[in-house]
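Novice: This is the structure I have questions about; it appears just below.
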Ligand SMILES: [Zn+2]
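Numbering (our numbering), first residue to last: 1 to 91.
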């Protein structure tokens with residue numbers, strides 16, 4: 001299985017995709033760049049894995065912030081829900 005070493009004219013390579021990944025997750029990209037990243041993620045397993053991981057991590061942080069004032073059993077439910085969500089995510 002030989003990978004095409006960036007010979008394809010698809011605009012964005014892995015370095016670019018990773019570089020913009022966090023901005024992408026923040027939703028702060030221009031629609032054009034966002035489109036390029038989405039295209040790259042759809043076709044690149046490595047970067048998609050990266051993206052999934054970062055997304056899960058961000059959501060975990062978000063949920064943790066929301067859950068800080070919540071009682072312990074609720075906090076655990078939130079966390080379990082994230083895990084369920086991530087493992088059962090459909091594409
Ligand atoms: Zn890639």
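Ideal placement from N, C-alpha and C gives every residue a C-beta, glycine not left out.
#1: May I ask whether a heavy atom of ligand 1 can be found less than 7 Å away from the beta carbon of residue 46?
#2: Between the stretch 49-64 and the stretch 13-27, do at least 3 Cβ pairs fall closer than 8 Å?
#3: I'd like the list of long-range same chain contacts for residue 12, defined as Cβ closer than 6 Å, with 5 residues on each side in sequence excluded.
#4: The alpha helix (DSSP H) spanning residue 84 covers which residue range?
#5: Is the shortest distance between the beta-carbon of residue 17 and the beta-carbons of chain D less than 8 Å?
#6: With DSSP run on the structure shown, which of helix, strand or coil describes residue 52?
Specialist: Quick answer:
#1: Position 46 of the chain shown, counted from the first residue, corresponds to residue 46. Result yes, Cβ under 7 Å from ligand 1.
#2: Judged by Cβ distances under 8 Å, the stretch 49-64 makes contact with the stretch 13-27, as three or more pairs qualify.
#3: As a first step, residue 12 is located in the chain shown; it is residue number 12 there, counting from the start. Cβ contact annotation for residue 12 (same chain, cutoff 6 Å, sequence separation greater than five): 36 and 40, in chain order.
#4: Residue 84 sits at position 84 when you count from the first residue of the chain shown. Run containing residue 84: 72-87, per the alpha helix (DSSP H) assignment.
#5: In the structure shown, chain D cannot be found, because there is only a single protein chain.
#6: To locate residue 52, count along the chain shown from 1; it is residue 52. Correct three-state label for residue 52: helix.
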